[in-house]
Every structure is written in structure tokens, then in C-alpha cells.
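For the record, the sequence lines run as chains U and H.
Under the working numbering, the first sequence has 68 at position 68, and the numbering climbs by one with no breaks.
Under the working numbering, the second sequence has 1182 at position 314, and the numbering climbs by one with no breaks.
Notes for the one structure printed next.
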Amino acid sequence: MTDVKSTVTISVNGRSVEAAPGELLIEAAERAGSYIPRFCYHPRMEPVGMCRMCLVEVDGPRGPTLQPACYIKVNDGMNVVTDSEKVKKAQDGVLEFLLANHPLDCPVCDKGGECPLQDQTLSHGSGETRFIEEKRHFVKPVEIGELVLLDRERCIQCARCTRFSSDVAGDTEIAFAGRGDQIEVATSPTKPFDSVFSGNTVQICPVGALTAKPYRFTARPWDLEQAESTCTTCAVGCRVAVQSSGNRLTRLLGVDSEPVNHGWLCDKGRFTLDSIDGHGEAIDPLNAETRIREPLVRDGDVLRPASWGEALERAATILKDAASSPNGVGAIGGAALTNEGAFAWERFVRQVLGSDHVDAQFGDGLDGGLLQALPKATIDEAANARVVMTLTGDLREELPVLFLRLRENFVQRHNNLIEFSFGPSGLRPVAAVTMPVRPGEAHVVAKALTTNDARVAKESTVTDAQLDEARALLGESGEGVVFIVGRPNFAESAVVMETAIRTLAERFTGAKFLPALRRGNVMGALDMGLGPRLRPGHGYDASCEGRDTLAQLEAMRSGEQTAVLLLGGGLLGNVLDPDAAVTALETAKVVVVTGHGGRTLAHADVVLPAVVQHERHGTVTNIEGRVTNVTPKISSPGSAWNDVAIAAELAEQYGQSLGLDSVELCAKVIEETTGYPALSVMNDLSDEGAVVSRVKERIERRALDPMAFPGIKSTNTVGLAEFSGALVGGPVTTGAPRAVATLEGVAAGRGVEVGHYDAYGLALHVSRRLYDHGIAVQGSPALANLVARTTALINHFDLDRLGLVTGDVVQVNAPKGPLSLQVAMSDETPRGTIGVVFGSLDEEGHDGTTSALYDPTSVIMQMKLETK
Amino acid sequence: MATLDAPKIVMARADYDDSYTLTRYLETGGYLGLRKALSMFPEAVAGEVDAASLLGRGGAGFPAGRKWSMLRKSPISYLVVNGDESEPATFKDHYLVERDPHQLVEGVIIAAYALQVSQAFIYLRGEFALGLERVQQALNDAYEYGALGNKIFDSDFSLDIVVHPGAGAYICGEETALIEGLEGKRGFPRIKPPFFPAVTGLYGEPTVVNNVETMSNLPWIVMNGGAAFAALGGGRSAGTRLFALAGTVKRPGVYEIEMVKNTFRDLIYDPALGGGITKDRAIKAFIPGGVSAPWFGPDLLDLPLGQDEVAEKGSMLGSGSVVVFDETSCVVRAAWRITKFFSRESCGQCTPCREGSGWIERAMYRIEHGGGRMEDLDLLLDLCDNISPGLAWPPQQTTICVLGPSIPSSVNSAISMFRDEFAQHVNEGGCPFD
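Structure representation (C-alpha cells):
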């Protein structure tokens, strides 16, 4: 038996350093205070040892030799010298070689001022060049994708971008071509670099070779101010450095948050800044590019500007009138709010309006009580789990950075993924078991997994072998398993997934769950009570029955609910059947609180302008229940207020006080009354926030390495950066936690009656893509071209059966009449299924497809196709 | 005078025009070595190779037997034969794959048997069009003859061999880049440690990589015994060896001669070998082992053709390519052309090699074409030092693979041995040999 040591001791410049066995020398030396210069090394990627900047002397059998510290793993007794003349000469030589062909265009280069090459030349390089030859020339810059430009002359061949693409994201669009000093990063001639992660390559580029179209030439780094915050474009909750020049948002960079995003972002999160402040000139409130700058009230056909006083009074009157009849008023939305905003609105609706009809989800989510009752996994736990089983849509499109974290688990750690496969999925290539599950079948497959012999159904596309493999991986109790649960099919009743989840939770008691709800702060909104039966502070009260969004819209159409408070302006872009929603909004009175314009406002009677992401202070909660702070970077345009203030002022119209005079006070009240981490998170920036119900498990923030994450400013850095800024803090009293839902306590709901699959029909699967026709993308010109075209995805068995090929146009006999769609072959779509992307655009640029296909009366929707 | 009484081991069929056919091969003792090997224990076959002291013929000169025995600690998965011979003036494997492909194939089968692997690859330089055709034909013939495939010659041993053409990159002669190429990837050398092929080679499995000439020696060694091979040559350099003689000699070509017992002078001047310098001019310098080796002056002509003997004098026998410069050759131009080759063929991974080779090439071009400065000489030596610290032999390196330290060899030799000629270029504003 060999003795396995938990630590090894190495000597760095004569000093003894403890290191973990297998730790990279560059990291161990850094902890010992010997910062080794580097370019290709990146702490979130596998090393390649290419740039040779980190050469240090390591003693070996043939005496000390120069070895790349980024590649060499420490051994017990290793003797390392990082500061000898030989090391210095080698490093200086590498730097001189790097600069030989590097253009001297720093004054016009975006990276100038935050450039690892510039910084390390300053600290390690010689003052003059000995290179008098003609430098290498390339055509520059080349647009390699919709968002990224490449300047090959500036490239130092560190392979960070190509490594990120192939190793982290699993993309194949960029790779090295050519040899010697003519080597270049190149794309395939037919496939542009259009990955949803392309912005990460720009962020980690150690020179100005890769630049992002939206940021290019907009600012100089030394003019940028920064606030660290959390991205709320989706519910992963990536930590971001929000940077502005003056009061103009210029750039978003991913912060290396240990539990969440490891420095990565998706392009939607990174590049939707334009939707916040890019369009000072847009004034039409129905245009998604418009920011609402002042209160608006309806006069006949037009929304006209009004004072806050008039607008609040009008809103109060509308809501008061409606509240006077039982069940006459409700609130929809809130997933884009901060926890504090959500808490304030919850108080307003439940306490002032006396209504329990609140729902932050749009009918495409999961029951908040059920989610509360599940044992939760963190993102880290999922990213390290022995087995992950996904019952979600395509995570690459829905929660992109979660996809990156999970992919690492299967690619690097070789753990196993079981997929409930409803349609195309980015994780498919790394899945151990892929079970093609048709609409309305997930609960049946889940049930089959809980028993040892049952088949799913005779006609099912899931095979016995797949079920056996999945059962073997899940094990007896599900110990070490993380289930990731969401709503993969928008056109399927939530009861299917909820039944499946409950079945799994009851059987695999050792497993944990990670909810895959999409919208920004949906978890925070639910935790603040914005959902039927939910109570503020992650609480549950079965008696607190209320209508969800779809029920409220139905109640409006029937005339029972006569007014609605919309918390956010995105309703019509988020429901499957916007036509029916329009009818509801036209029947009822509508008060909208929003910072963005959009088509929903066409039906508003009063619009109250609110501050949006990057303009407000507070906390948000991500899918794993991690509460982090959001920080304002710019001031909002016009006279927009924060939601806490709007709710409080609206309550004043009723002569009532919410007792929430400021965001900070609101956070204090949340924490003191419910024990939910709020003010403590806002005040303490030294760690990575707190996970609800696990508030004691804190993770310290990593020190920033500016060579790995250039452009980000931090108070806690290693290596070459200067220290700046100061932390704020303050004492907080934490109250007792709320009662949480239990599986037994959450009503099981009605049974699932799918009915028979129509042998001649195809069941509808409506999925989500990252670039949809929502407000964020519509309001961001940089991304607008990336919205998918509507196609119907069909398995090749069905195409054969129907005598169709990719590109054919078919007529779908939908409930609301015939609809023409172009078909495309997709073998990731299960047999018997027709896949359509929600929010995709048809030839005329409309996204009415799913509305036309929608049939609210059944659990799943079956279509018949007619070929022309 | 040269010692030429040793048997021809790998060039035994040199006199036949149809030496590449199975018929001729069988008529001249072909596949008897394999039949004998199959009658022995695999360990015994490896033992004969070990006893032969056969040094690897690819350039590094590592003893083949020791390579195998070191590796046999854990089971080997693949045998890979390196036939990517691409260095300027190196053409001895070229001869073997075109003229005696069956000898190569038989050697590979014997090695595979000794290592007990069931899958071997022959990676051939893509430009060897005729060689590829002939090796493939030899494999087809060998399958038909029963020497390859399932149950070779009715023994329990089975083997498949695949020929893989290179795509025109010199770097794929570096064994780990070759493995990357075999895996279908870009030919970037891997970092050693940890990627020693013997530990983590092709598809992450333990892999033996041997040169074409090394393999071609095996049938003879098995037939005649390792001791007979070891009796040839001298010191650690046993047996005969192929030398590719190039440059300004009367009879350039491939010669198989006994090692150590012959000298560079024998190889270059013996009438049966090089036959002397073109037009009987004076010799100025020679490269003893391929263009990545430091150069020698005429004072070392009497050095024996032995691995250790050459190493002691600060260079290497390397790939067995000997290049002669006579008194009319411009050493600046020679060194510039060699550097240009390395600059073009650098894989682009390591900064010192990628950027250093291009920089040195451009500076050398400038000197040769009249734009040189005297300070360029020290600059060039310093750049060389930044690629191969100390400019010593064996070289140190700042790069992943040995292509890096190959770059300084010619430039350093040329400047150190012929500084006056550089000065003449600088002072006269151009090449005095033009």
C-alpha cells in the first residue's frame, strides 16, 4: 500500500509551501506569494503550456530544467526557483518574442489599459525592441461571427479562445489554422462563430485580438466605473462586473464566482445592455427598445405622460374599484423584480388589495410549493454529482451557464448524465443515457424508473434497455443523484412534469433537486410569496389559495376579475397564447409597472415607470436558492422609481403604510420577519451570498487574477493589479425562518389524463431558445439578428412516414385553423412529436406560431399535418 | 579506407529492380525472420533485439530493446511506426519504404509480436506517393500470404497494420505530434511529462513508436541473432546504419555501412561511397546528423561514425543525414535556408519557436541579402539562447518539443565557425558568393 498524502511540501525560492497533490505549480507558487507571469494559463481551463511565459526552474534527474509552471503538477520535495537569472532571461525572451509580431496599436486597441500583454510587458519586459524586421500582416479585423471580430495580428496564440470553445463549451467553430508565425485562429468557411458563449472568448483574450462588436471602440478602460452585481437575464444568477462610462452602460464581464459561473456568461446576458440604455431616442411605449421615463395614463386611444401623483391616483382608483368585488383583482409577473421589490408588491397585493391572486410565473413554470418541498441541490452539487438526470428543456438555450457547469461534470469528471430527451439538447453528446420522451409521457417514464420491471408503454419511444441503464445509474435510494427539473414543453400541462417530479422525489429520497426555471429572479419572486399558496421568506401556506396567471387571464376574460396589476411589461411575449391574453387585457383594466416598453403596454390604462437591472439596489435569488446582491451602476432615465417606492406610494393612496421606506429597510424587514437572507447579503460583499435554508454555508470570494479576467476591477486581487476601493458592512438581526412546504403538504393535484396518442397526429413540443422574441433581445440590436426562424422539427421516421423532407412546407391543422410551417429533420425530436421554438419568427417576422397551435383544453396538443 | 566488409542488413536487396515485390522478397529469405520469431516466446524475440543493442534510427538514438523492455511493465496497446521522414537532406527511410516495403512490414510484425500488440500503424510522410503505394501493396500481399491478419502463419498471433499518410507537416515526425495526427487532430506535440507515448500515447494508451529503419533491421536480427548484430560496429553503436549523404559530393545517396569502424572521411571520400567533393574542391564544413544538428569543421572528418563519438564533440548522428559544404558554399545562405525550413514547419504552439524562428529567418535573410548589421550577430546568438538556453549540447529548451532547440544549431554553428564570412556579408552589403 502506498501512503496517500493529503498534502505535499515543495520549495519555492527556498520557502516551504504546502500544496495539494496534483496541484499545478503555478497555483501553489501563487499561494506562496511567488506570482509567475502567464498568458495561456487560465484557472478555469485545462492548461496547454503553450505561451511558455511561466517557465521556471524545476530540479530534475538531470539538474534544474525550465518547465512550464502552468502545466507541471507539484510533487513532494519538488524544488522550484522562479526568480533566477536563467528564469528571468527565459521569461524576458518569451515576452520579447511575443512582442516581435505584435502590432504597436495599443492607442487604438480596446484592450489597451487592461491588457495582460501590456501589463506584463511593463512588469517584465525590456523598454526597447530589438525587432527591426517587417511584422506579420493579416487582413484585420475579420468578423468571425455576429458578435465577435478577430484581429489576427494582435493574437499571441495562447489558445484560450479555442480551448474555451472546444473544451468548456463544446463548440467546434474556431480552431487554429496555419503553421509557424502564420498560425491563426480561424473559423470554418461555412460556419461562423455564432456560439451563445462567444463573448467569453473576448473576455479572456489576453490581448485585443478578439473584440466584441457591441463594446468595440465605445470606451477606454480607465474611464470605466464598475459595480459588481448579479445578472438577472436568466435564473442562473451569474456574478457580473457591470461597467459604465459616465451614466452609459458599456460592458458586462463575468466574475469568477466559485459556486456559480466561474467567470463565464452567455451572450444574451452579456450583450443585452442596449435594452437597458442603448436607445435614448426611442419614445414609443409599444417599442421594446423604449425605456419608460415617466408615468403614462390612458386617454382614449393614447397613453399620455402624466405626473406621478396623477398616475398613482389613477392606478389606485382602478385597483380599488376592482378590489371592491370579491376576486376582482390580481397581480401577474414579478420575476424581473429584486427580492425587495417582490416583497413590497406582495405586501401591497395581499395586505392592501386583499387579494391572493398573485403569480410571478406565466403558466410555463412549476408549482412553487412543490419546488419548496424538494430537497435542493446547489449548482456545485449538480456539477459534481455522480449522476445528473435532466427533465428540462435544452439547458444550453435556457440556462446557458448551468449548461457549462454541468458539461464540465460529464467531460472532465466523467460522471453520468441521464436525459429525459424532449427535443434538441446541447448536452446530448455527453449523455450516458438518452430517453426520448414524448409530450405527456414524462410522468409515465418517471413512474417506470421507480419500479424494477415496468415498461413505459407498448408504443413508447423509451426502450427497456434505456430504463434499465437509468435505473442502474440512479441506484436504490438516488444517493449522489441530482435531478434538474423544469418545464421542457410549454405546450404540455404543468401537471405532467409536476407528477413526474413528485414521483421521483417520493421514490429517490437520497437525491436532490435543482429547479431549472428560467426567468431572472423567478426564484426570488416565489420566495417573496408571489405565487399561489406561497408566503414571503420562502414560506408556504396551503390556505393561501389564489389564481395563477392562466387562471387570472381566464377570470379576466369571463369578467370576474376586472383589473390586473402587471409587475413587468413582458406578459404578451411570455404566454403561449398571446391572442387570448390580449382579450383578457382588453376586458379588464390594466396597471403596468415596468421600465421597458413593449406590446403589452398597448393594453395598459396606467404605466408606472420602474428602475430595471443595473439601476437598482437589492438582492436576487438564483435557481439554487443563492441570494446575492445587485448593485446599481447607472441612474435610470427620466423619473422612474424603484419598485419598493412605487408599492409604498401606491399603498399611501389607500392611506396605508407598508412600512418599507427604502430598499435597505425592506431588506431588513425581510430578514427580521422571515429569516430570509437579505440585508446581510447586501451588506457583506466578502462572500458569494447565502443559500436559502443553508445560510451558514458561506463561500469566500476568490481573489481576482487580472491576467485571467482582464478588465475586471476588484479589491481582492493576486499578481500585478493594484488594490482599490473599500468594503461596506453592517450588523443585521436575523429572524426565525418561515414554515416551508413539504411533499405531503403540497396537494398532489389532479391525476394526469393524457388520453390516447393519435397514431396519425404529432404531439406538440414547444421549446425555448436563448434568442427569442422577448423584450431583452428585441431591445438589443446586437442580438436581434440571432432570433431563430420558425421551423417544425420532426424525427426522420415521421418524415418518412409522411413522405416529407427538410424544407418542405406542410399545413398544420391547428385548433385555430390551418397554419403553414416549414419542416426540418431532427433526430433529437422523439418520434410522434412536432417541435416548434417559442418566440421564433416566421417569414414575415411574426411570432404568432405557438398562439395558433395552442389548445388550452388538453394536457398535450396533437396536430395533424397535411402535405401540399 | 572505408571498412566495407560488413553484411548488408537493410539494403540486401539493393541490386534488384523488383526488390519491393513479394516474389523477390520471398526468394531472398523474406518472412523467414517472422516465422522464426513466431516459434519463439515474445520475450525471447525482445531479448534478441535487446542483445543486438539496436539504437533507434529516428534521430534520438534510444536503444530499441530498452524502450520495449521499459514499456513492457504494463501491456502495450499500439505499435506506431514513424515514417514521416521530412527533414531536408534526410532520405534513408524514403529509400526503405520504396525499395523494401516487405522488410519494413516483416519488421513491424516481429516487433508487434514481441510487444504482443494486435494493432499497428505505419505513419508515412504524405509526399511518399510511391512509398505509400508500395507499403500498402506489401500489406495487401502480406495479408494474402498469411503473414498478417488473423492467426499469422497459423500461430495464435493476430495483427492488423494500417498505413496512415501524413498531411505534409514536418512536426508530425515528432512522436507525440504524430500521435495527435493519428488521432485525427492538429499535429501539436504533447508535453512530456506527462505525455510519454509509453505511458499515455495513442488514444491515451501505452504506445511504442519506432522508426522505419529500426523496424527494417528486425528480420535480420531475428534470423542471425542479436549477438551477430552487436558484433558489428563498436561501442554503443552496434550494427550497420544507413547514411543519407548530401551536399557537394560526387556521389550523393544512401549508403549502408558499419558504424564506428568508418569515419566521416570514409563516408565522404571513399570511391565506393561519397567519392569526394564535387570538382575536388576543399571541404568547408559538414552537418553530421541532419539539419537540426550543430555543424562540424574539416578537423573532425576523422571522427568515427558512432553515436557517442559524435555526441562527445557536441553534435549528433541524428537522422543519419550528412550534408557537405564545400569552399564555394555560402554558410549564411545555408543557415538561412535551414532556419526558413524550421520557421515554416514550426507548429506554432510555443512562443520561442514560433516567433524566434521567424525572427531569426528574417534577420538571416537580411544579412544574406545585404541588409545586415554587425550587431545582428550577437542579437542572433541571444535569440538562439532564448530558444535553447546556454546553446549547449545536448540542448536545453524553452519549448515543448525539440524542434525549438533545432533552430539555433545551424545559426549558432555558422556564426561561431564563420563569423568572418558574416562580417564580409555585412561589410560588402551582400553575399560574396553570388
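All C-beta atoms in this analysis are idealised placements derived from N, C-alpha and C, irrespective of residue type, glycine included.
Closest Cα partner of residue i within the set the options
i, options, result
"residue 128 (chain U)", "U:95, U:153, U:142, U:144", "U:95"
"residue 1152 (chain H)", "H:1196, H:1065, H:922", "H:1196"
"residue 333 (chain U)", "U:574, U:10, U:154", "U:574"
"residue 826 (chain U)", "U:377, U:594, U:421", "U:421"
"residue 545 (chain U)", "U:392, U:469, U:350", "U:350"
"residue 569 (chain U)", "U:586, U:599, U:588, U:817", "U:599"
"residue 854 (chain U)", "U:377, U:479, U:838", "U:838"
"residue 1033 (chain H)", "H:990, H:1094, H:979, H:1240", "H:990"
"residue 966 (chain H)", "H:934, H:1081, H:957", "H:1081"
CB contact below 7 Å: residue i versus chain H
i, result
"residue 179 (chain U)", "yes"
"residue 66 (chain U)", "yes"
"residue 164 (chain U)", "no"
"residue 49 (chain U)", "yes"
"residue 117 (chain U)", "no"
"residue 540 (chain U)", "no"
"residue 702 (chain U)", "no"
"residue 869 (chain U)", "Residue 869 (chain U) lies beyond the range of chain U shown here (1 to 868); nothing can be said about it."
"residue 52 (chain U)", "yes"
"residue 729 (chain U)", "Confidence at residue 729 (chain U) is low in this model, with a pLDDT of 38, below 50, so the placement of that residue is unreliable and no value is reported for it."
"residue 209 (chain U)", "no"
"residue 55 (chain U)", "yes"
"residue 183 (chain U)", "yes"
"residue 894 (chain U)", "Residue 894 (chain U) lies beyond the stretch modelled for chain U, which goes from 1 to 868, so this question has no answer here."
"residue 133 (chain U)", "yes"
"residue 28 (chain U)", "no"
Integer-rounded CB distance, given that residue j should sit under 8 Å from residue i
i, j, result
"residue 624 (chain U)", "residue 695 (chain U)", "Not confirmed; about 13 Å, so no contact."
"residue 423 (chain U)", "residue 765 (chain U)", "5 Å"
"residue 1135 (chain H)", "residue 1110 (chain H)", "About 11 Å; that fails the 8 Å criterion."
Any C-beta of chain U under 7 Å from that of residue i
i, result
"residue 1217 (chain H)", "yes"
"residue 950 (chain H)", "no"
"residue 1266 (chain H)", "yes"
"residue 1223 (chain H)", "yes"
"residue 1059 (chain H)", "yes"
"residue 1211 (chain H)", "yes"
"residue 1226 (chain H)", "yes"
"residue 1205 (chain H)", "no"
"residue 1230 (chain H)", "yes"
"residue 1214 (chain H)", "yes"
"residue 1220 (chain H)", "yes"
"residue 1248 (chain H)", "no"
Residue-level contact to chain A via CB, residue i, 7 Å cutoff
i, result
"residue 854 (chain U)", "This model lacks chain A altogether; the protein chains it does include are U and H."
* Asked: Listed in chain order, which residues of the segment 1268-1297 of chain H have Cβ atoms closer than 7 Å to some Cβ of chain U?
  -> Cβ contacts with chain U come from 1268.
* Asked: What beta strand (DSSP E) runs, 3 residues minimum, are completely inside the segment 777-849 of chain U?
  -> Taking only runs of at least 3 residues, the beta strand (DSSP E) segments lying wholly in the segment 777-849 of chain U are 792-794, 809-814, 817-825, 833-837.
* Mind listing, in chain order, the continuous beta strand (DSSP E) runs of no fewer than 3 residues lying wholly within the segment 179-212 of chain U? => The qualifying runs are 184-187, 210-212.
* Runs of alpha helix (DSSP H) wholly within the segment 874-932 of chain H (minimum 4 residues, chain order) -> Whole alpha helix (DSSP H) segments, 4+ residues: 890-895, 900-906, 910-920.
* To do: Jot down the residue ranges of each uninterrupted beta strand (DSSP E) in the segment 1002-1082 of chain H, minimum 3 residues, whole runs only, in chain order.
  => Counting only runs of 3 or more, we get 1028-1033, 1075-1079.
* To do: Mind listing, in chain order, the continuous alpha helix (DSSP H) runs of no fewer than 4 residues lying wholly within the segment 1123-1191 of chain H?
  => Counting whole runs of 4 or more residues, the segment 1123-1191 of chain H contains the alpha helix (DSSP H) stretches 1132-1137, 1175-1180.
* Check distances from the C-beta atoms of the segment 371-385 of chain U to those of chain H and list, in chain order, the residues that come in under 8 Å. => Cβ contacts with chain H come from no residue of the segment 371-385 of chain U.
* To do: Return the chain-ordered ranges of every alpha helix (DSSP H) run that is complete within the segment 224-272 of chain U and spans a minimum of 4 residues.
  => You should have 267-271.
* **Chain-ordered residues of the segment 97-131 of chain U with a beta carbon less than 7 Å from chain H** => Taking 7 Å as the cut-off between beta carbons, the residues of the segment 97-131 of chain U near chain H are 97, 98, 100, 101, 130, 131, in sequence order.
* Entirely within the segment 488-550 of chain U and at least 4 residues each: give me those alpha helix (DSSP H) ranges in chain order. => Counting only runs that start and end inside the segment 488-550 of chain U, the alpha helix (DSSP H) elements of at least 4 residues fall at 494-507, 522-527.
* Quick one, which residues of the segment 231-262 of chain U are near chain H if we go by CB-CB under 8 Å, in chain order? -> Within the segment 231-262 of chain U, no residue has a Cβ that lies closer than 8 Å to any Cβ of chain H.
* In the segment 1250-1264 of chain H, which residues sit with their C-beta less than 7 Å from some C-beta in chain U, listed in chain order? -> Of all residues in the segment 1250-1264 of chain H, those with a C-beta nearer than 7 Å to a C-beta of chain U are 1254, 1257, 1264, reading in chain order.
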